[in-house]
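Peer 1: Structure incoming, see below.
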Ligand code: SF4
């Protein structure tokens, strides 16, 4: 079986989909968002020092079997709460072979699966895992192509095509949007976002994730440039304004996943 | 007073009080108010007689009062509001409870006198059906409004009870005063039945004091004292010699340097354990005989079934059931200590037994490396790690086998439970450094909770580890979890915590208690992060370990928590 590279596993994850979940963080991401709060997940191959050391966790290079064992530990909690596993990252599609096999093993065991993804991957790869995903947590950030490129390092066209394809095929989805003052939280971006999501088949739920500065310490430690030094978390009023705005348009809105 | 009173309403109220006090407890109560007054007279009687119960309490209050409540409502004698007020007055009586002075270790741990009255809500009825009623919710309102330390309160949660019952309680818990705690009725019933009680008696029972299971009104179950299990590791490491008192306290089970396997070490540990349990049981029997002879409790004997029928005093085995509990303390500490010996000395051969003995003798004073390994790179109980948890099970079996079923002199037997009250602090003070990296004199772990800061995989793994204990063969275990109120901020958070509790109970867990932490605790965690590695806080849309956060963010959360407090 293939091996994957995991930089964290979080049990009792309660903000990554329905119920009590285990979130598996896969290493590597093709994007470079200014606000990324998992900068340790960006490198393709983890330097051991970036991997949180913990005796009792299977972190680092792991087999599908190991990760499934880890996921199965909380089976009863998933059953009780309608939860399951969430694969997150980084961008989990980077390690698509490992992801595909892990998802398949979860499905075989009747475990609910969610995929927290940017959608930035070739369409055939996205398609190849879609059947084993019960719920997509699909990140949309900036609707404007140029701005998207500026703040994430990549164009959004592939991301938008994939999301249309997935929803057209009837995949269940929640859209997740990082809420960042002056970057994603602008009139123009929010308006275009609402328009875009309205056109998606069967998507009615949007989760806004307010920007927070938890990662600033990590940036310092990892000596990665932090471009967000003058951006502050949105105020409660700002967050509520966005919530109201989308609720008025008939969306189901949740703050913070 | 009534004669002098001019306000007609108050005059009438005083008259009614006088009438009730004339009537109960000589006659059976007929109304809600009479029932409350009846109980209070009984309570005062019990605690002034001898207070042998220490934690005497009205038990299943919502069950007992419900028929009176319904009848009074139907017959127009009572309104919900009036019942609420009477209950509030009842709560105040407990809070103003006459307090015998505390002395010695007990006084040092906490100056607050608590009588450990624990009011049980919910659970099942004698026929096994759902016991939650309107009065249950009314009492939860009273607990929330009064915010009193005494009486303490708890939820009995059966699989038959509705979720809304737990959710209502979590809304109180999140306000951060540690009440109510949550118990598994289905486990309690099984525990009591396993001890040989009738199923109806078990269903009408519950937990009193901290977490102790008992058949209310039919059982004399005595907590005979706490047992420092980690100390046994220290004694085994020193061939029965106690470095603290400089005396040969235990048996000479052999110099551990001569042991070739962990099994040999464990056998020595088990021999020491039995030796001290034997002493404990001899002492218990002596005390029981003294009580029976010199401290009869005739008033209490009137109240507890079958003292009268048996013609025997409560202290002499008159009750239907007669249990003696020995409370094991420090399960987390002893597990981690023995796990470290197995892992570092015998399995991985990181160091030798003489080296370990030397480190402990010196309280790790010249060492950095080994202690770091013990703390960070050795399996620990509380992480759903089968290596450590298997050691825990072995210790549990040893403790259980040493105690369970051994006769007391009241016609019953000894049983185990695992709870510390506050004695884990005192026991820590008389226990030297342990192989898990704990320094001498530091507190032991409490209840069945992991060692402070040893659990790093979140609450589901703590629950999984704790559920590897066979709770059904105990008479109560105590598990503490820390949460910040933000984690319970919305309905979603409350629902998920409800699922967490349900899962623990599905795994036969006995009790769980959520301490919503205060800003003060967070400040403490900032200063000594190594003790608070398990502390989870809600950061923004997500939760994280508090000690992993940057300082600025920690400060922000402290401010936020302060804000949310009362
Ligand atoms: S997509 Fe996510 S992991 Fe990748 S850079 Fe952006 S925020 Fe970081």
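Residue numbers (the working numbering), protein chains in the order written: chain B, 379 to 635; chain C, -2 to 563.
Ideal Cβ positions, reconstructed from N, Cα and C, are used throughout, including at glycine.
None of these values were measured; they are calculated from a predicted model.
Look up residue 210(C) in the DSSP assignment and give the residues it is bridged to.
Peer 2: As a position in the second chain, residue 210(C) is number 213, starting the count at 1. 204(C), per the DSSP bridge assignment.
Peer 1: For chain B, check one thing: does any of its Cβ atoms lie closer than 8 Å to the Cβ of residue 450(C)?
Peer 2: Working through the second chain from its first residue, we reach residue 450(C) at position 453. Taking Cβ atoms only, chain B never reaches closer than 8 Å to residue 450(C), which makes this a no.
Peer 1: Is it a yes or a no for the region 528 to 545 of chain B touching the region 501 to 512 of chain B, going by three-plus beta-carbon pairs under 8 Å?
Peer 2: yes
Peer 1: Out of 589(B), 464(B) and 607(B), which has the shortest C-alpha to C-alpha gap to residue 633(B)?
Peer 2: As a working mapping, residue 633(B) is identified with position 255 in the first chain. Of 589(B), 464(B) and 607(B), the residue nearest in Cα terms is 589(B).
Peer 1: List the residues that DSSP assigns as beta-bridge partners of residue 245(C).
Peer 2: Here the question's residue 245(C) lines up with position 248 in the second chain. Its beta-bridge partners are 238(C).
Peer 1: Determine, using beta carbons only, whether residue 458(B) comes closer than 8 Å to chain C.
Peer 2: Residue numbering aside, residue 458(B) sits at position 80 when the first chain is read from its first letter. So, interface residue.
Peer 1: On the three-pair Cβ rule with 8 Å, is the region 401 to 410 of chain C touching the region 479 to 489 of chain C?
Peer 2: Taking 8 Å as the limit for Cβ pairs, the verdict is that the region 479 to 489 of chain C does not touch the region 401 to 410 of chain C.
Peer 1: 8 Å is my cut-off, CB to CB: does residue 455(C) come that close to chain B?
Peer 2: Along the second chain, one-based indexing puts residue 455(C) at 458. Output row for residue 455(C): interface = yes.
Peer 1: Are the CB atoms of residue 494(B) and residue 464(B) nearer to each other than 8 Å?
Peer 2: Here residue 494(B) refers to the residue found at position 116 when the first chain is read from its first residue. Here residue 464(B) refers to the residue found at position 86 when the first chain is read from its first residue. Cβ distance < 8 Å, so residue 494(B) and residue 464(B) count as in contact.
Peer 1: Spatial neighbours of residue 258(C) within its chain, please: CB distance less than 7 Å, with the 5 preceding and 5 following residues excluded, ordered by chain position.
Peer 2: Against the second chain, residue 258(C) aligns to sequence position 261. Hits under 7 Å: 343.
Peer 1: Report the CB separation of residue 334(C) from residue 431(C) in whole angstroms; it is logged as a contact under 8 Å.
Peer 2: Counted from its first residue, the second chain places residue 334(C) at position 337. Counted from its first residue, the second chain places residue 431(C) at position 434. Sure, about 4 Å apart at Cβ, within 8 Å.
Peer 1: For residue 568(B) versus residue 623(B), is the C-beta distance shorter than 8 Å?
Peer 2: By 1-based counting over the first chain, the position of residue 568(B) is 190. By 1-based counting over the first chain, the position of residue 623(B) is 245. In this structure, residue 623(B) lies closer than 8 Å to residue 568(B) by Cβ.
Peer 1: State the Cα-Cα distance for the pair residue 551(B) and residue 445(B), rounded to the nearest angstrom.
Peer 2: In the first chain, the residue the question calls residue 551(B) occupies position 173. In the first chain, the residue the question calls residue 445(B) occupies position 67. Computed Cα separation, rounded: 24 Å.
Peer 1: With 16 as the cutoff for other CB atoms within 10 Å, does residue 564(C) come out buried or exposed?
Peer 2: Beyond the ends of chain C as shown, which are -2 and 563, falls residue 564(C); an answer cannot be given.
Peer 1: Measure the C-alpha to C-alpha separation of residue 197(C) and residue 126(C) and round it to an integer number of angstroms.
Peer 2: In the second chain, residue 197(C) corresponds to position 200, counting from 1. In the second chain, residue 126(C) corresponds to position 129, counting from 1. Cα to Cα, the separation comes out at about 11 Å.
Peer 1: Could you have a look at residue 432(B) and say whether DSSP puts it in helix, strand or coil?
Peer 2: In the first chain, counting from the first residue as 1, residue 432(B) sits at position 54. In this predicted model, residue 432(B) has a pLDDT of only 42, less than 50, meaning its place in the structure is not dependable; the value taken from the coordinates is given anyway. In this structure, residue 432(B) counts as coil in the three-state DSSP scheme.
Peer 1: Distance, Cα to Cα, residue 514(C) vs residue 481(C)?
Peer 2: In the second chain, counting from the first residue as 1, residue 514(C) sits at position 517. In the second chain, counting from the first residue as 1, residue 481(C) sits at position 484. Rounded to the nearest angstrom, the two C-alpha atoms are 5 Å apart.
Peer 1: Residue 503(C) versus chain B: which residues are under 8 Å apart at the beta carbon?
Peer 2: Taking the first residue of the second chain as 1, we reach residue 503(C) at position 506. Chain B residues near residue 503(C): 454 and 458.
Peer 1: What span of residues does the beta strand (DSSP E) with residue 382(B) cover, start to end?
Peer 2: The residue labelled residue 382(B) in the question sits at position 4 within the first chain. Residue 382(B) -> beta strand (DSSP E) spans 381 to 391.
Peer 1: Alpha carbon to alpha carbon, how far is residue 591(B) from residue 571(C)? Give it in angstroms, no decimals.
Peer 2: Nothing about residue 571(C) can be read from this structure; chain C reaches only from -2 to 563.
Peer 1: Going by beta carbon distance, what residues of the same chain come within less than 7 Å of residue 595(B), once the five residues before and after it are set aside?
Peer 2: Here residue 595(B) refers to the residue found at position 217 of the first chain. Counting only Cβ-Cβ distances below 7 Å, and skipping sequence neighbours, we find nothing.
Peer 1: Can you tell me whether residue 144(C) is buried or exposed? The criterion is at least 16 other CB atoms within 10 Å of its CB, across all chains shown.
Peer 2: Here residue 144(C) corresponds to residue number 147 of the second chain, with the count starting at 1. The residue is exposed, with fewer than 16 neighbouring Cβ atoms inside 10 Å.
Peer 1: Ordered along the chain, which non-local residues of its own chain (more than five positions away) have a Cβ less than 7 Å from that of residue 8(C)?
Peer 2: By 1-based counting over the second chain, the position of residue 8(C) is 11. Hits under 7 Å: -1 and 2.
Peer 1: Report yes if the C-beta distance between residue 469(B) and residue 408(B) is below 8 Å; otherwise report no.
Peer 2: In the first chain, counting from the first residue as 1, residue 469(B) sits at position 91. In the first chain, counting from the first residue as 1, residue 408(B) sits at position 30. In contact: residue 469(B) and residue 408(B) (Cβ atoms closer than 8 Å).
Peer 1: Regarding residue 382(B) and the ligand SF4, is the C-beta to nearest heavy atom distance less than 7 Å?
Peer 2: Residue 382(B) sits at position 4 when you count from the first residue of the first chain. Relative to the ligand SF4, even the nearest heavy atom lies 7 Å or more away from the CB of residue 382(B).
Peer 1: Using the rule of at least 16 other Cβ atoms within 10 Å of the residue's Cβ for burial, across every protein chain shown, is residue 150(C) buried or exposed?
Peer 2: Numbered from its first residue, the second chain carries residue 150(C) at position 153. The residue in question, residue 150(C), is buried, as its Cβ has 16 or more Cβ neighbours within 10 Å.
Peer 1: Within 8 Å of any Cβ in chain B, is that where the Cβ of residue 461(C) sits?
Peer 2: Residue mapping note: residue 461(C) aligns to position 464 of the second chain, counting from 1. So yes, residue 461(C) belongs to the interface.
Peer 1: Compute every distance between the C-beta of residue 468(B) and the non-hydrogen atoms of the ligand SF4, then say whether any falls below 7 Å.
Peer 2: Your numbering for residue 468(B) matches position 90 in the first chain. Answer for residue 468(B): yes, Cβ within range of the ligand SF4.
Peer 1: In this structure, does DSSP put residue 3(C) in helix, strand or coil?
Peer 2: As a first step, residue 3(C) must be located in the second chain, where it is residue number 6. Coil, per DSSP.
Peer 1: Rounding to the nearest angstrom, what Cα-Cα distance links residue 478(C) and residue 393(B) in this structure?
Peer 2: Residue mapping note: residue 478(C) aligns to position 481 of the second chain, counting from 1. Residue mapping note: residue 393(B) aligns to position 15 of the first chain, counting from 1. Approximately 20 Å between the Cα atoms of the pair.
Peer 1: Using the C-alpha atoms, what's the distance from residue 74(C) back to residue 403(C)?
Peer 2: The residue given as residue 403(C) occupies position 406 in the second chain. The residue given as residue 74(C) occupies position 77 in the second chain. So the alpha carbons of these two residues sit roughly 52 Å apart.
Peer 1: Excluding sequence positions up to five away, which residues of its chain have a Cβ less than 6 Å from the Cβ of residue 511(C)?
Peer 2: For the purposes of this step, residue 511(C) is identified with residue 514 of the second chain, where counting begins at 1. If we look at residue 511(C) and ignore the five residues flanking it on each side, its Cβ neighbours are 170, 478 and 480.
Peer 1: When the Cα of residue 177(C) is compared with those of 311(C), 168(C) and 213(C), which residue comes out closest?
Peer 2: By one-based count along the second chain, residue 177(C) stands at place 180. The shortest C-alpha separation from residue 177(C) is found at 168(C).
Peer 1: According to DSSP, simplified to helix, strand and coil, what is residue 216(C)?
Peer 2: Walking along the second chain from the start, residue 216(C) turns up at place 219. Strand at residue 216(C).
Peer 1: Going by C-alpha to C-alpha distance, which of 380(C), 317(C) and 412(C) sits closest to residue 531(C)?
Peer 2: On the second chain, residue 531(C) is found 534 positions in, with the first residue counted as 1. Minimum Cα distance to residue 531(C) is reached at 380(C).
Peer 1: Which of the three DSSP states, helix, strand or coil, is assigned to residue 448(C)?
Peer 2: Numbered from 1 along the second chain, position 451 holds the residue referred to as residue 448(C). In this structure, residue 448(C) counts as coil in the three-state DSSP scheme.
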